[in-house]
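The next block holds one structure in the form of structure tokens; read it before the comments.
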Amino acid sequence: MRLYPLCCLLLLTGCFGRDTEAVKPRPEVPADLLQACAGYTGPLPQTEGQMSDALIAEARGRSCANGKLATVADILNPSSPFEG
């Protein structure tokens, strides 16, 4: 009975030709990485202080988005543990 799974695997691999490619499962990307990052959404800045606040908020939003893109890139293209 122990050889049964081994025989099944051998029979199943015989169904595929040598030119067939293995089907890779789609990588799982967490849902929070697919959410938009908020930048500056306020009114048009009128003073230097408002402009400073808008620039800081926009920089934080872009930093958030770039971090999410880097994480998604790592998920979709993982590096091999054997590479140097």
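Everything in the sequence shown is counted per numbering that gives the first Met the number 0, starting at 0 for the first residue and increasing by one.
By construction, the Cβ of each residue, glycine as well, lies at the ideal position given by its N, Cα and C atoms.
Practice task
Tell me whether the beta-carbon of Val28 lies closer than 9 Å to the beta-carbon of Ile74.
Solution key: Translated into the one-based positions of the sequence shown, residue 28 becomes position 29. Translated into the one-based positions of the sequence shown, residue 74 becomes position 75. A contact, by the Cβ cut-off of 9 Å.
Handout entry: Check whether Arg66 and Gly38 have beta carbons under 9 Å apart
Key = Position 67 of the sequence shown holds residue 66. Position 39 of the sequence shown holds residue 38. Reading the sequence as shown, one finds Gly at residue 66 and not Arg. Not in contact: Gly66 and Gly38 (Cβ atoms no closer than 9 Å).
Exercise for the section: With a 10 Å radius around its C-beta and 16 neighbouring C-beta atoms as the bar for buried, classify Ala30 as buried or exposed. Expected result: The residue given as residue 30 occupies position 31 in the sequence shown. Ala30 is exposed by the Cβ-count criterion.
Handout entry: Own chain partners of Thr70 with C-beta closer than 7 Å, once the 5 adjacent residues on each side are dropped
Key = Numbered from 1 along the sequence shown, position 71 holds the residue referred to as residue 70. Same-chain partners within the cutoff: Leu32.
Handout entry: Run of the alpha helix (DSSP H) containing Lys67, from where it starts to where it stops
Key = Here residue 67 refers to the residue found at position 68 when the sequence shown is read from its first residue. Looking at the DSSP string, the run of the alpha helix (DSSP H) that includes Lys67 is Glu47 to Leu75.
Problem - Own chain partners of Glu57 with C-beta closer than 7 Å, once the 5 adjacent residues on each side are dropped - result: In the sequence shown, counting from the first residue as 1, residue 57 sits at position 58. Once the five neighbours on either side are set aside, the close Cβ partners of Glu57 are Gly38 and Tyr39.
Exercise for the section: Please state if the CB of Met50 and the CB of Pro42 are separated by a distance shorter than 9 Å. Expected result: As a first step, residue 42 must be located in the sequence shown, where it is residue number 43. As a first step, residue 50 must be located in the sequence shown, where it is residue number 51. No, they are not a contact pair.
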